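Engineer: Sequential numbering of the sequence shown, starting at 148, is according to our numbering.
All residues carry an ideal CB built from backbone N, CA and C; glycine is no exception.
What you are looking at is a predicted structure, and each value in this text was computed from that prediction instead of being measured.
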Amino acid sequence: MILVTGAAGFIGYHVSRRLLERGDDVIGVDNLNDYYDPALKEARLRMLEQDQRFRFVRADIGDQEAMAALFAEHRPTRVVHLAAQAGVRYSLTNPFAYTRSNIDGFLTILEGCRHHGVEHLVFASSSSVYGANTRQPFSEHDNVDHPVSLYAATKKANELMAHTYSSLFGVPSTGLRFFTVYGPWGRPDMALFKFTRGILSGEPIPVFNEGKMIRDFTYVDDIVEGVIRVLDHTAAADPAWRGDEPDPARSYAPWRVFNIGNNQPIELLEYISVIEECLGKKAKLDLLPMQPGDVPSTMADVSELERTVGFRPTTSVREGVRRFVDWYRHFYAV
């Protein structure tokens, strides 16, 4: 039995579906909150519930009693923790939502793994942990002590908390730093969704830093493939790790972090032009300054992922955007 938190979310839905397709039993948990349209979450959930191997528990991961009961009843052997309060800009106005979900909620997951002998915890971190770093591509071996948003700080905190439980209690844990994930069933608050909706409705789309942002856009199927491969490759201690030259990517404890990114970043304006091409319609651009908490560029070094589990993302932005547009037109009957 594999527990997937945030199962009705964007990545959680895709991971759950892939696990079910390969024959795993999945227990999904989600609180179906209204950070964005719950109807989209419910639609994803209906798709998952068509498989008899999927069971759903509606609960908040921050609810200690509910999560303790879930672990005790279902006794998952592995956990994929994807539930979180997402979004950089939202953290500027709703900071307590991030500590409740991303800190307190993650602690309940760690406690469940500790007390029930979970074989492997795989959890979502974020490329945002690289913060003020400018040397690219971003490497897991680089220090990440200068976050520029509370969201990023909570994700770095998750990595530290997981390491503590790996060290103290032997919980094998792997953190995955996702780079700008997009694709079908995506979140309405993310760029591709907002741009597609705006272009089709003829409304100006907000383009921050006047489009001079560079992002390592990563297609969701590539993210899922990385998650599954890492889940099957249980974190182990590195006997060569040294405290006098500590490697931030490894540990003496059974703990690791990996980047999952496309390793082919493009400028935001080019991304928009691909969306225009797929939609057959030009965008009206509302050019805006850089927003607090944003960074100008991201690019993932994925050599550690490839070396360890034999995988690196390959889906081009043009192909990924086309698949999203096809899904969007079908789902919203546009």
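#1: Would you mind working out which of Asp448, Val464 and Phe316 sits nearest Phe483, comparing C-alpha positions?
#2: Suppose contacts are defined by Cβ-Cβ distances below 8 Å. Is Phe405 in contact with Glu287 by that definition?
#3: By a C-beta neighbour count over all protein chains shown, 10 Å radius and 16 as the cutoff for buried, is Ala382 buried or exposed?
#4: Roughly how many whole angstroms lie between the Cα atoms of Phe326 and Tyr418?
#5: Starting from His263 and walking both ways along the alpha helix (DSSP H), at which residues does that stretch end?
#6: Whose CA, out of Trp388, Met308, Arg465 and Met437, lies closest to the CA of Ser420?
#7: Contact between the region 389 to 404 and the region 307 to 322 is defined here as three or more beta-carbon pairs at a separation below 8 Å; is this criterion met?
#8: Measuring alpha carbon to alpha carbon, tell me which residue in Glu258, Val456, Leu179 and Glu189 is nearest Leu323.
#9: What are the start and end residues of the alpha helix (DSSP H) that includes His310?
#10: Are Ala155 and Leu192 close, meaning C-beta to C-beta below 8 Å?
#11: Would you identify the three-state DSSP class for Asn249, choosing helix, strand or coil?
#12: With Gly170 as the anchor, note down where its alpha helix (DSSP H) starts and where it stops.
#13: Which one of Met308, Asp171 and Ser272 has the shortest CA to CA distance from Leu229?
#14: What residues in its chain sit with their C-beta under 7 Å from that of Gln438, if we drop five residues either side in the sequence?
#15: I'd like to confirm the pairing. Which residues does DSSP put opposite His267 in its beta bridges?
#16: Below 8 Å between beta carbons: does that hold for Tyr298 and Phe471?
#17: Within 10 angstroms of its Cβ, does Thr281 collect 16 or more other Cβ (buried), or is it exposed?
#18: One question on the structure: do Ser163 and Val176 come within less than 8 Å of each other, judged by their Cβ atoms?
#19: For Arg275 and Asp207, I'd like the C-alpha separation in whole angstroms.
#20: According to DSSP, simplified to helix, strand and coil, what is Ile361?
#21: Start and end of the alpha helix (DSSP H) containing Pro185?
#22: Is Asp198 near Leu167, with beta carbons less than 8 Å apart?
Structural biologist: Straight from the coordinates:
#1: In the structure as shown, the chain begins at 148 and stops at 481. Residue 483 is therefore absent and cannot be evaluated.
#2: Position 258 of the sequence shown, counted from the first residue, corresponds to residue 405. Position 140 of the sequence shown, counted from the first residue, corresponds to residue 287. In contact: Phe405 and Glu287 (Cβ atoms closer than 8 Å).
#3: Position 235 of the sequence shown, counted from the start, is the residue given in the question as residue 382. The residue in question, Ala382, is buried, as its Cβ has 16 or more Cβ neighbours within 10 Å.
#4: For the purposes of this step, residue 326 is taken as residue 179 along the sequence shown, with counting starting at 1. For the purposes of this step, residue 418 is taken as residue 271 along the sequence shown, with counting starting at 1. Between Phe326 and Tyr418, the C-alpha separation is close to 15 Å.
#5: Mapped onto the sequence shown, residue 263 falls at position 116. Careful: His263 lies outside any alpha helix (DSSP H) and carries neither H nor E.
#6: To locate residue 420, count along the sequence shown from 1; it is residue 273. When each option's Cα is compared against that of Ser420, the closest is Arg465.
#7: In this structure the region 389 to 404 touches the region 307 to 322; the number of beta carbon pairs closer than 8 Å is three or more.
#8: Indexing the sequence shown from 1 puts residue 323 at position 176. Checked all of Glu258, Val456, Leu179 and Glu189; the closest Cα to Leu323 is Val456.
#9: Here residue 310 refers to the residue found at position 163 when the sequence shown is read from its first residue. Looking at the DSSP string, the run of the alpha helix (DSSP H) that includes His310 is Leu297 to Phe316.
#10: The sequence position of residue 155 within the sequence shown is 8, counting from 1. The sequence position of residue 192 within the sequence shown is 45, counting from 1. Closer than 8 Å, so yes.
#11: Within the sequence shown, residue 249 is the residue found at index 102, counting from 1. In the three-state reduction of the DSSP assignment, Asn249 falls in the helix class.
#12: Here residue 170 is taken as the residue at index 23 of the sequence shown, counted from 1. Bounds of any alpha helix (DSSP H) do not take in Gly170, whose DSSP letter is neither H nor E.
#13: Reading the sequence shown from its first residue, position 82 is the one you call residue 229. Considering only alpha carbons, the answer is Ser272.
#14: Within the sequence shown, residue 438 is the residue found at index 291, counting from 1. Arg236 and Phe355, listed in sequence order.
#15: Position 120 of the sequence shown, counted from the start, is the residue given in the question as residue 267. Answer is Arg225, bridged to His267.
#16: Walking along the sequence shown from the start, residue 298 turns up at place 151. Walking along the sequence shown from the start, residue 471 turns up at place 324. Phe471 sits away from Tyr298, with the two beta carbons spaced by 8 Å or more.
#17: Taking the first residue of the sequence shown as position 1, residue 281 is located at position 134. Classification of Thr281: exposed, given that the 10 Å Cβ count is below 16.
#18: Position 16 of the sequence shown, counted from the start, is the residue given in the question as residue 163. Position 29 of the sequence shown, counted from the start, is the residue given in the question as residue 176. Taking 8 Å as the cut-off, the beta carbon of Ser163 is found no closer than this to the beta carbon of Val176.
#19: What you label residue 275 is simply residue 128 of the sequence shown in a count that begins at 1. What you label residue 207 is simply residue 60 of the sequence shown in a count that begins at 1. Note that residue 275 corresponds to Ser in the displayed sequence, not to Arg. So the alpha carbons of these two residues sit roughly 24 Å apart.
#20: Position 214 of the sequence shown, counting from 1, holds the residue named residue 361. Three-state result, Ile361: strand.
#21: In the sequence shown, residue 185 corresponds to position 38, counting from 1. Segment Pro185 to Leu195, the alpha helix (DSSP H) holding Pro185.
#22: Here residue 198 corresponds to residue number 51 of the sequence shown, with the count starting at 1. Here residue 167 corresponds to residue number 20 of the sequence shown, with the count starting at 1. With contacts defined by Cβ atoms closer than 8 Å, Asp198 and Leu167 form a contacting pair.
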